[in-house]
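Asker: Position 179, counted from 1, in the sequence shown is what UniProt numbering calls 179; the numbers after and before it change by one each time, with no gaps.
Using N, Cα and C, we set each Cβ at its ideal position, and we do this for glycine too.
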Amino acid sequence: MKTHELEKELGISKHTIFYYEKEGIVTPQRDDNGYRSYSQDDLQKLIMVKFLRNLNISIDDVKAILNNELDFKECLEINQIHLEKQIKSLEEVQENIEMYVRKDLPMLPALQQIQREVKNYKLGYQKTTDIVSLGRRLTKKLAIKKFLYKFIPTLLIVLFISAPSTTTVQKIIFVIFISLLITTGFIAADFQFSQLWLRLPLDQTRNQSVEFLNDRIRYYQFKGYIDNVKYFYSVLLGKEDKFIKEYKYEDIQSVELLLKHRYENYGTPIARDWYVLDYRFEFKDGNHFYFYWPFTIDDDARFIGMILDEKVENVIDKNHVIDALKNGIHLNDYVKTTEN
């Protein structure tokens, strides 16, 4: 059997056949013209080699199996273990790729150091998008939730106060109108009913957020109660773009990290002290944005530290807290360490 016949029979290239010949698996005879001539034994060996190689068995192990130096089943079991490790590794690669795509992260070598951590937050602290951010962007889903959390208690209170002896269409419309009016006032101030009895700091950031994308930042800045209402309802209608500002990283003049010592009490008379960060963004066109104590979720603080360090030319960091951000160290622990 000539080489071209073997190619057709096995569905492999002549270069692969020559490689197996070089490895000593087959030893074709030469005819008078010097052309290779393969026997039926060579054909059967190559069929077996193709079968084993399709199982991802190395060429060395293939030769050992053909020479009865290695048990086929034992080889498969070893190979299965290796494949399971490879599959797990590939799944981790796939998860990382999906994460980078979702977050629209810039390409930073330091990102490989981050072990992804997703925590199950309660009491309204879940992220609304996958983008790395300070605070969380107001999305349509979150806006609907906030609206209902404000409107339903307001409606019940108005109904209780009005307590009409008879119900008419006009009275129902009036109650709904008054409830909507009060709710709009709550939206303007970003008021949370939970503040009345739980005293929890839920979204006390006037719907502000800063998102860190591949080549730019995107943020909403509270500029007044009326604008906040317009922004809120524009989000509900999917038309919030005119309220969102964007700057490329090279257009940022500076970002200042301001370490602050603040106190909060969570429904108890005892206040707990925290070291937190405020952020001041200055842009080359003269605009600026001060973000008071924004919260971060999951690994966002680490991502933000790395992005600022790599992408922003001038980071003002008098307390050197960017190292704490990049290494995922809680600011309270970081301050205690530096003080000692």
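In terms of residue numbering, what span does the alpha helix (DSSP H) encompassing Glu211 cover?
Answerer: Reading the sequence shown from its first residue, position 211 is the one you call residue 211. Where Glu211 is concerned, there is no enclosing alpha helix (DSSP H), although the beta strand (DSSP E) it sits in stretches over Ser209 to Phe212.
Asker: Is it right to say residue 341 is buried, meaning 16 or more other beta carbons lie within 10 angstroms of its own, or is it exposed?
Answerer: No answer is possible for residue 341: it lies beyond the span of the chain, which begins at 1 and ends at 340.
Asker: Grouping DSSP H, G and I as helix and E and B as strand, with all else coil, what is His288?
Answerer: Counting from 1 along the sequence shown, the entry for residue 288 is found at position 288. His288: strand per DSSP, three-state reduction.
Asker: Please confirm whether Leu258 and Asp278 have their CB atoms less than 8 Å apart.
Answerer: Against the sequence shown, residue 258 aligns to sequence position 258. Against the sequence shown, residue 278 aligns to sequence position 278. Closer than 8 Å, so yes.
Asker: So, with DSSP's three-state summary, where would you put Ile244?
Answerer: One-based indexing of the sequence shown puts residue 244 at position 244. Ile244: coil per DSSP, three-state reduction.
Asker: Under 8 Å, do Leu308 and Ile329 count as touching if we go by C-beta distance?
Answerer: Position 308 of the sequence shown, counted from the start, is the residue given in the question as residue 308. Position 329 of the sequence shown, counted from the start, is the residue given in the question as residue 329. Going by C-beta atoms, Leu308 is not nearer than 8 Å to Ile329.
Asker: Between Phe72, Tyr292 and Glu256, which has its C-alpha nearest Gly305's C-alpha?
Answerer: For the purposes of this step, residue 305 is taken as residue 305 along the sequence shown, with counting starting at 1. Gly305 has its Cα closest to that of Glu256, out of Phe72, Tyr292 and Glu256.
Asker: With a threshold of 8 Å, are at least 3 pairs of Cβ atoms found where one atom belongs to the region 45 to 64 and the other to the region 29 to 36?
Answerer: no
Asker: Which of helix, strand or coil does DSSP assign to Asp278?
Answerer: Here residue 278 is taken as the residue at index 278 of the sequence shown, counted from 1. In this structure, Asp278 counts as strand in the three-state DSSP scheme.
Asker: Can you name, in chain order, every residue of its own chain whose Cβ lies under 6 Å from the Cβ of Gln86, other than the five neighbours on each side?
Answerer: One-based indexing of the sequence shown puts residue 86 at position 86. Correct list: empty, nothing qualifies.
Asker: Using CA coordinates, which residue listed in His320, Asp61, Leu159 and Asp285 is at the minimum distance from Lys245?
Answerer: For the purposes of this step, residue 245 is taken as the residue at position 245 of the sequence shown. The shortest Cα separation from Lys245 among His320, Asp61, Leu159 and Asp285 belongs to Asp285.
Asker: Per DSSP, Gly135 forms a beta bridge with which residues?
Answerer: Within the sequence shown, residue 135 is the residue found at index 135, counting from 1. Looking at the DSSP assignment, Gly135 forms a beta bridge with Ser209.
Asker: Where residue 352 and Leu213 are concerned, what is the direct C-alpha to C-alpha distance, given to the nearest angstrom?
Answerer: Any property of residue 352 remains undetermined from this structure, which presents the chain solely from 1 to 340.
Asker: Where does the unbroken beta strand (DSSP E) through Tyr219 begin, and where does it stop?
Answerer: To locate residue 219, count along the sequence shown from 1; it is residue 219. Element bounds for Tyr219: Arg216 to Tyr220.
Asker: Note down the Cα distance separating Asn56 from Asp299, rounded to an integer number of angstroms.
Answerer: Looking up residue 56 in the sequence shown gives position 56. Looking up residue 299 in the sequence shown gives position 299. Distance between Asn56 and Asp299, taken at the CA atoms: about 37 Å.
Asker: Kindly provide the ranges of any alpha helix (DSSP H) runs that are 4 or more residues long and lie completely inside the region 51 to 86, ordered along the chain.
Answerer: 59 to 66
Asker: Whole angstroms is fine: what's the gap from Gln195's alpha carbon to Phe222's?
Answerer: Position 195 of the sequence shown, counted from the start, is the residue given in the question as residue 195. Position 222 of the sequence shown, counted from the start, is the residue given in the question as residue 222. Because Gln195 carries a pLDDT of 48, less than 50, the predicted location of this residue cannot be relied on, and the following value inherits that uncertainty. If you take the alpha carbons of Gln195 and Phe222, they lie about 20 Å apart.
Asker: Within its chain, find whatever has a CB closer than 7 Å to the CB of Ser234; leave out the 5 residues flanking it on each side and keep chain order.
Answerer: Counting from 1 along the sequence shown, the entry for residue 234 is found at position 234. Taken in chain order, the residues that qualify are Glu240 and Phe243.
Asker: State yes or no: is the C-beta of Glu211 within less than 8 Å of the C-beta of Ile97?
Answerer: Here residue 211 refers to the residue found at position 211 when the sequence shown is read from its first residue. Here residue 97 refers to the residue found at position 97 when the sequence shown is read from its first residue. Contact flag unset, no.
Asker: Please report the residue range of the alpha helix (DSSP H) in which Ser179 lies.
Answerer: Working through the sequence shown from its first residue, we reach residue 179 at position 179. Element bounds for Ser179: Val169 to Ala189.
Asker: What's the C-alpha gap between Trp274 and Asn319?
Answerer: Locating residue 274 in the sequence shown gives position 274, counting from the first residue. Locating residue 319 in the sequence shown gives position 319, counting from the first residue. A direct Cα-to-Cα measurement between Trp274 and Asn319 gives close to 15 Å.
Asker: What are the residues that DSSP puts in a beta bridge with Ser254?
Answerer: Sequence index remark: in the sequence shown, residue 254 carries index 254 (1-based). In the DSSP output, where bridge partners are listed per residue, Ser254 has Glu282.
Asker: Here's a check: name, in chain order, each residue in its chain whose Cβ is nearer than 7 Å to the Cβ of Arg302, leaving out the five neighbours to either side.
Answerer: The residue given as residue 302 occupies position 302 in the sequence shown. Correct list, in chain order: Ile114, Leu325, Lys326 and Gly328.
Asker: Would you mind giving the Cβ-Cβ distance between Gly135 and Phe295, rounded to the nearest angstrom? I have them listed as a contact below 8 Å.
Answerer: Counted from its first residue, the sequence shown places residue 135 at position 135. Counted from its first residue, the sequence shown places residue 295 at position 295. Contact flag correct, Cβ pair sits at about 7 Å.
Asker: If distances are taken between C-alpha atoms only, which option among Tyr100, Lys73 and Glu21 comes closest to Ile59?
Answerer: Your numbering for residue 59 matches position 59 in the sequence shown. If we check each option's Cα against that of Ile59, Glu21 comes out closest.
Asker: What's the call for Tyr219, buried or exposed, on a 16-neighbour Cβ count within 10 Å?
Answerer: For the purposes of this step, residue 219 is identified with residue 219 of the sequence shown, where counting begins at 1. Tyr219 should be labelled buried.
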